[in-house]
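Residue numbers (my numbering): 24 to 273. We put the CB at the ideal spot given by N, CA and C, even for glycine. Note that the structure is a prediction, hence the values are computed from the model and not measured.
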Amino acid sequence: MTDATMIEAVGLTRRFGGFTAVKDVSARFERGKITSVIGPNGAGKSTFFNMLSGSLKPSNGRILFEGQDITGLAQHRFAPLGIAKSFQITSVFPQLSVLENVRLASQALVSRYDFWTPRARLEGLREIALGLLSEVGLEARADGVAGTLAHGEQRALEVTMALASRPRLLLLDEPTAGMSPEETVAMMALIRKLASERTIILVEHKMKLVMGVSDAIVVLHHGELIAAGTPDEIRGNEQVKRVYLGERQH
Ligand code: ADP
Ligand code: MG
């Protein structure tokens, strides 16, 4: 591992019964970069993502974060390390306001500041939540009921909640799934903006979507790593072309 590496998978494997969803994948993800993990449906992207983000234990292999072996570490220990993944929609309380949702997600962070009075703590939480909402461009929706947001805004809210733990590494699994073309453009612009201060790993099915924003791309197919390189290298890779050829293009 070099200093540039933030997180590294070494021979990562995950089996479900007799089926191997991710097979002996080794890959490095560099600090301060956007690295996309792409591949056709069923390639093993989400399984790989879930291992990197701590919600799924590898069958074999290791995960190194800043040189530290974090393989098999309990999920709740990932946020304190500086690793966060986009929350699933199920973690958003639809009846609460957008701001309340972000405040709840920020609470773990602020509980460190024990010297604050309860009042100051609430004010502080509000400030933090509003700051995060303005970073993702949702500040105008702060008082809206979360359940009434448009789909694209809900996904942006999930990302905001992931940011509440102040991650240095942000993991996103198909953040544009189900989005309209306009919402997709907005989300990709948001990801690029967030990347100025964080390392991002973006899992995405649609190859064309990640070409413009990625510093590096890793390609999975049938659970195996078939290519890794710059967007230009991946675009010109014959095996990658073959794998994506059968698919209706995105
Ligand atoms: P992708 O995200 O690239 O579409 P996944 O990682 O979701 O792929 O799935 C890879 C393969 O592993 C698929 O064939 C899928 O059916 C299988 N798989 C994923 N999760 C499980 C599970 N919990 N149990 C059994 N098979 C699974
Ligand atoms: Mg997936």
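Starting from the Cα of G84, find the closest Cα among G77, T94, S78 and give me that residue.
The residue with the shortest Cα to Cα distance from G84 is T94.
For N124, count the other beta carbons within 10 Å of its own beta carbon; 16 or more makes it buried, fewer makes it exposed. Which is it?
Under this definition N124 is a buried residue.
Return the chain-ordered list of same chain residues with a C-beta closer than 7 Å to the C-beta of Q262, the five sequence neighbours on each side being excluded.
Only I249, A250 meet the Cβ criterion.
Regarding K229 and the ligand MG, is the C-beta to nearest heavy atom distance less than 7 Å?
Because no heavy atom of the ligand MG lies under 7 Å away, the Cβ of K229 does not count as near it: no.
Listed by chain order, which residues have C-beta atoms less than 5 Å from any heavy atom of the ligand ADP?
Taking each Cβ in turn, the ones that pass are F39, A44, N64, G65, A66, G67, K68, S69, T70.
Give me the DSSP bridge partner(s) of T222.
In the DSSP output, where bridge partners are listed per residue, T222 has L192.
Within 10 Å of its beta-carbon, does S157 have 16 or more other beta-carbons around it, so buried, or fewer, so exposed?
So S157 ends up on the exposed side.
Where does K231 fall in DSSP's three states?
Helix.
Is D196 buried or exposed, if buried means 16 or more other CB atoms sit within 10 Å of its CB?
Classification of D196: buried, given that the 10 Å Cβ count is 16 or more.
Would you call E31 buried or exposed, if buried means 16 or more other Cβ atoms sit within 10 Å of its Cβ?
With 16 or more other Cβ atoms within 10 Å, it is buried.
Along the chain, where does the beta strand (DSSP E) that runs through H244 open and close?
Note, H244: beta strand (DSSP E), 239-244.
Cβ of E197 versus every heavy atom of the ligand MG: is any distance shorter than 7 Å?
Within the cutoff, so yes.
Can you give me the Cβ contacts of V241 inside the same chain, cut-off strictly under 6 Å, excluding the 5 residues immediately before and after it?
Closer than 6 Å at Cβ, skipping near neighbours: A50, V60, A251.
For I257, which residues of its own chain have a beta-carbon under 7 Å away from its beta-carbon, when the five flanking residues on both sides are left out?
Excluding residues within five positions, the ones whose Cβ falls inside 7 Å are I240, V242, A250, V263.
Which partner residues does T43 have in the DSSP bridge list?
Beta-bridge pairing links T43 to R38.
Below 7 Å CB to CB, which residues in the same chain sit around T183 once its five sequence neighbours on both sides are set aside?
Counting only Cβ-Cβ distances below 7 Å, and skipping sequence neighbours, we find V125, L155, L156, V159, L161.
If we call anything under 8 Å between Cβ atoms a contact, is D238 one with K56?
Cβ distance < 8 Å, so D238 and K56 count as in contact.
Is the number of C-beta pairs between the region 225-233 and the region 60-79 that are closer than 8 Å three or more?
Verdict: yes, contact present.
Tell me where the beta strand (DSSP E) around G252 begins and ends.
Unbroken beta strand (DSSP E) run through G252: 247-252.
Please state whether the Cβ-Cβ distance between V266 and L180 is less than 8 Å.
Cβ distance not < 8 Å, so V266 and L180 don't count as in contact.
Measure the beta-carbon distance from M210 to T199 and round it to whole angstroms, keeping in mind my assumption that it falls under 8 Å.
At roughly 5 Å, the Cβ-Cβ gap stays under 8 Å, so M210 and T199 are in contact.
Can you tell which of L268, T253, L75, T207 has the C-alpha that lies nearest to the C-alpha of A173?
The shortest Cα separation from A173 among L268, T253, L75, T207 belongs to T207.
Going straight from the alpha carbon of L186 to that of L193, what length do you get?
Answer to the nearest angstrom: the Cα atoms are 8 Å apart.
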